[in-house]
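Colleague:
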Amino acid sequence: MPAHDDGHVHLGVATEKPAWDWARWLVVALGLGGAALFVLAFFHTWWGFWLYAPQYPGGLRLNIGLTGMSGDVKEIDLLNHYIGMSHLEDAAPVERRIAGYGVAAIAVVSVGLLVASGRRLNKLVAIPAFAFPTIFLADSFYWLYSFGHRLNPRAPLKIGTFTPQLFGNGKIGQFETFATPSLGFWLAIAGVACIVAAALVRSRVCAHCSRAGTCAVACPRMMVLPERKEASS
Amino acid sequence: MGAQSRIGFAIVALGVAVATNSCENKHEAELNAPAAASKLGASATVRDLMKARGLNEADVEAALKTYVPSGKMDEYYIFASGGQSGNIDVIGVPSMRLLKVIGVFTPESWQGWGYGGESEKILEAGNQGNHKIRWADVHHPNLSETNGDYDGQFLFVNDKANARVAVVDLSDFTTKQIVPNQLEAADHGGAFVTPNTDYIVETSQYPAPLGRAYAPLSQYKDKYRGVAMFWHFDRKKGRIDPATSWAIELPPYTQDLADAGKLDSDGWAFINSFNTEMATGGTLEGKPPIESGASQNDMDYLHVINWRKAEQLVAAGKAKIINGIRVLTMDVTGPEQVLSLVGEPKSPHGCDVTPDGKQIVVGGKLDTHTTLYDFAKLKKAIDDKNYEGKDAYGLPILPFKDVINGQVEIGLGPLHTVFGANGDAYTSVFIESTVAKWSYKDLKKPVEKLKVQYNIGHILSAEGDTVSPDGKYVVAMNKMSMDRFLPVGPLFPQNFQLIDISGDKMRLLYDAPIGNAEPHYAQMIKADKLKPLQVYPFGTVATTGQLDPNRVEGGKERIVHNGNKVEVFMTLIRSHFTPDQIEVNEGDDVTIHLTSLETAEDQTHGFTIDMYNVNVSMEPGKHENISFKADMPGVFPFYCTEFCSALHLEMTGYLLVKPKGT
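So, in structure tokens, the structure goes:
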């Protein structure tokens, strides 16, 4: 507290913080944390497939990431050629090329909305974050369906069309399959949780904000900028 | 007594026998416990099974000690000489199951060993003179050692008939090299390694003029010689380097088995001999046959070699070049004390250094003892020049009585000795058909003898000729099997008998028939010391371990015609060859560069061209270069020879050889 010449302590009105004002930095921290988790998720495997058959006692493994895949890709392709399935590497070419930009955009937009959106955009804050894993799941399902339904008619082995199981246990020919999300997916989910938490905290902050109800598209304080001085001692 | 009552008596006797038997079997109650029975199914308890199969308790115990259920692994590998098969047998212990036959000196069709691929180069390098040699009498496999212990990296083996040594790399169980000995006419005392595998010792057997020279038998004493070859092993390259190898000339005493010293006796080698009489036969002229001529003297000579000193003398330029090999002759080795002799009782056979390196055990063969030479005493006699005399070649003879620790009365025909833990020694006793257990520490009579079936030759034990034998197992390598196996005609299988030596008494566990040849020696190594490859790195030539510059990537397959030379760059993967049609003209020189694109374990293909004697095995990642002259016109299918997949039979193609003038 500043002490004046007369020895009295004057309380300045402008220094009196509204409730939840402290949480403005928490919103930013959660937002950046969520964005960081999205970026981290980008570098990890999102989905894992295990394929078991008698002649593969250790199983075959396929790891799906946002930009590509790893594991026994060659061997699975080799087996797939018998039933006329396309090469795994041919799946989702566009998605894999733009995935990096997509993740960057979602991270930037999420943080941007958390910091900058005003009353009119408030409800949209968490939507991009939600969209991130949802688009991945939907797209994966689309490709699995597409691969299982566009088998080469000249293949040596003719089996009916099918959609490989995206989650849990399945069966293709002599293979028992198991599919489950991997670290990357869970990191993304954690990121979404951060963004959602940030949005919830943010709604409290906004409710107590001195500009509550008066802001429009953009937040006049950009969440953490100092309140412009309007009153003084 | 009528026939009926005799049968009745027999049934009563059998009943008594069964009753007595079940009273004696204390463990049978346990075996019969409900838990054990229930696992065997409702209808068959262990006791029922024993009765039905005529097994006693000892049989059941042996079965429990040797049975390795599906999915479980053996504890040891045996690498056994393949004898006349020219190959190596790999056997698991305690199950005694055959795991693999490694193609070495002899073409082996499964591995495509010697049928047009890269392996031809290895076999060709093993030719002697202008003779293409395609058989071998494989004798003594030896595992590479580090500080006197097996390290599981390499295996060396000699071919007695054609004086050759082969190197097998245990990283892929493939033969990498065959070196023909240019001095010797036949070998026997090999392939024994020095404690750090610096050298592989290959000692000659039947003396002959060195380096394929000619001399009549009347000049036997002057011109015929034995030789101890010291092949230098370049461990980094995994190959014997003939250029840095050398040899020691030996008198024509018909040298036999050999062993390298270790620990105290490191730097020394010991070699038996059995024909110091220098008999050469001449039965048509009324002279005694060699077998009798060679068995007249009461003593033959153990050769004691200071190889470390020999190495220095060779480096100092004291060797004579014979047929391109540096040889230390007896006029150098005698005075320099590199080679000394000491008497050994009558036509001995085994020559085995004890694990501590302090003693050398010599099996008498025609003498009933093993004789134990004390290395410290040998060394002292040499240092003191305590000689009993010199032989006709000027080699010092050490006094027998001054250098031995003693003799152990073993029995009739003691041959080879291997070692267990705690000073136990196990000697094969050929004429008696027994294994004698004794102690090389207290030199008393055998504490136990176990009958084996029959005519035991070599014997082996778990890591038995290292500095730290494991005990546990001994295998009797019997020459005869007589009544042990189902009859298969007049040529009987050999009999490997697994013996449990972990208890106080030796217990015979299992008879394993060896139906592909008569093995000689074998070694047993702990399984966890080996970590062989499962899949080759893409484009590897197995015999060199190198990536081939002509390895073919998927999508880059092609056929290049250049005059009468045709190069085919071909790949294979389930279930097709690319290309699958090859057209050439009669007389073309064809080379097929063939790469397996497979990466999955155990996904092996084969490649054969019918009627062209071409056959290679294509393990995942392997590359082969196959060359042949298209000298037979016609249509020749090629196909995959391993049932690789559901479309294996479809994995085929055609070689079309267009006749001249069409």
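Quick mapping for you: the protein sequence lines, in order, are chains A and B.
Sequential numbering from 1 applies to the first sequence in this note's numbering.
Sequential numbering from 1001 applies to the second sequence in this note's numbering.
For glycine and all other residues, C-beta sits at the position ideal for the given N, C-alpha and C.
1. My parser needs the beta strand (DSSP E) runs of 3 or more residues fully inside the stretch 1163-1197 of chain B; what are they?
2. A/Cys206 by DSSP, collapsed to three states: which one?
3. Report, in whole angstroms, the separation of the C-beta atoms of A/Ala126 and A/Ala19, which I expect to be a contact under 8 Å.
4. DSSP puts B/Arg1225 in a beta bridge; with which residues?
5. I need the straight-line Cα distance from A/Phe132 to A/Ile106, nearest angstrom please.
6. Near B/Phe1375, which residues of its chain fall below 6 Å by C-beta distance, leaving aside the five closest residues on each side in sequence?
7. B/Gly1555 to A/Pro156, Cα distance in whole Å?
8. Please state if the CB of B/Trp1246 and the CB of B/Val1179 are separated by a distance shorter than 8 Å.
9. Could you check whether the stretch 1096-1105 of chain B touches the stretch 1518-1532 of chain B, counting it as contact only if at least three pairs of C-beta atoms, one from each stretch, sit closer than 8 Å?
10. Which bits of chain B does A/Leu78 rub up against, with CB to CB less than 7 Å?
11. Once the 5 residues before and after B/Met1482 are set aside, which same chain residues still bring their CB inside 8 Å of it?
12. Report, in whole angstroms, the separation of the C-beta atoms of B/Asp1465 and B/Asp1352, which I expect to be a contact under 8 Å.
13. Determine the chain A residues that contact B/Ala1258 at a beta-carbon separation under 7 Å, and present them in chain order.
14. Please list, in chain order, the chain C residues whose beta carbon lies closer than 7 Å to that of A/Lys74.
15. Please name the residue in B/Met1229, B/Gly1114, B/Leu1155 whose C-alpha comes closest to that of B/Val1090.
16. In chain A, what lies closer than 8 Å to B/Leu1647 by C-beta?
17. With the cut-off set at 8 Å, would you say B/Ala1316 and B/Leu1328 are in Cβ contact?
18. Measuring CB to CB, does A/Trp47 end up less than 8 Å from A/Ala188?
19. Hey, how far is the Cα of B/Ala1215 from the Cα of B/Pro1252?
20. Report yes if the C-beta distance between A/Ala218 and A/Gly118 is below 8 Å; otherwise report no.
21. If you follow the beta strand (DSSP E) that B/Asp1500 is in, where does it begin and where does it stop?
22. Looking at B/Gly1363: is its Cβ nearer than 8 Å to the Cβ of B/Leu1412?
23. Roughly how far, in whole angstroms, is the beta-carbon of A/Leu166 from the beta-carbon of A/Leu144, given that I think they are within contact range, below 8 Å?
24. So, under 8 Å CB-CB, B/Ile1305 and B/Ile1360 are touching, yes? Tell me the CB distance rounded to an integer number of Å.
25. Using 8 Å as the cut-off, can you tell me whether the stretch 1295-1305 of chain B makes contact with the stretch 1267-1283 of chain B, which would need three or more C-beta pairs spanning the two stretches below that distance?
26. Give me the Cβ distance between B/His1593 and B/Asn1625, rounded to the nearest whole Å; I'm assuming they're in contact under 8 Å.
27. Leaving aside the five residues before and after B/Ala1600 along the sequence, list all residues of the same chain whose C-beta is less than 8 Å from its C-beta, in chain order.
28. Based on Cα-Cα distance, which residue from B/Pro1209, B/Arg1225, B/Val1167 lies nearest to B/Gly1238?
29. Is the CB-CB distance between B/Leu1395 and B/Glu1388 below 8 Å?
30. Who does B/Asn1422 pair with in a DSSP beta bridge?
31. Per DSSP, which residues does B/Tyr1639 bridge with? Please list them.
32. Pick helix, strand or coil for A/Arg154, following the three-state DSSP scheme.
33. Sort B/Ser1218, B/Asp1241, B/Val1475 by Cα distance to B/Asp1198 and report the nearest one.
34. How long is the line joining the alpha carbons of A/Ala29 and A/Gly68, rounded to whole angstroms?
Modeller: The short version:
1. 1164-1169, 1174-1180, 1187-1193
2. helix
3. No, A/Ala126 and A/Ala19 are not in contact; Cβ-Cβ is about 23 Å, not under 8 Å.
4. When beta bridges are read from the DSSP output, B/Arg1225 appears opposite B/Ala1208.
5. 7 Å
6. Asp1264, Ser1265, Lys1358
7. 21 Å
8. No.
9. no
10. Here the neighbours are Ile1573, Arg1574.
11. So the qualifying residues of the chain are Gln1453, Tyr1454, Phe1492.
12. 7 Å
13. Correct list: empty, because the minimum Cβ distance to chain A is about 45 Å.
14. In the displayed structure, chain C is absent; the protein chains listed are A and B.
15. Ranking B/Met1229, B/Gly1114, B/Leu1155 by Cα distance to B/Val1090 puts B/Leu1155 first.
16. Tyr82, Pro156
17. no
18. No, Cβ-Cβ distance for A/Trp47 and A/Ala188 is not below 8 Å.
19. 13 Å
20. Taking 8 Å as the Cβ cut-off, A/Ala218 and A/Gly118 qualify as a contacting pair.
21. 1494-1500
22. no
23. 6 Å
24. Not really, about 12 Å apart at Cβ, beyond 8 Å.
25. yes
26. 6 Å
27. Val1535, Pro1620
28. For the residues B/Pro1209, B/Arg1225, B/Val1167, the minimum Cα distance to B/Gly1238 belongs to B/Val1167.
29. no
30. In DSSP, B/Asn1422 forms no bridge with anything.
31. B/Tyr1639 is bridged to B/Thr1608, B/Thr1652.
32. coil
33. B/Asp1241
34. 31 Å
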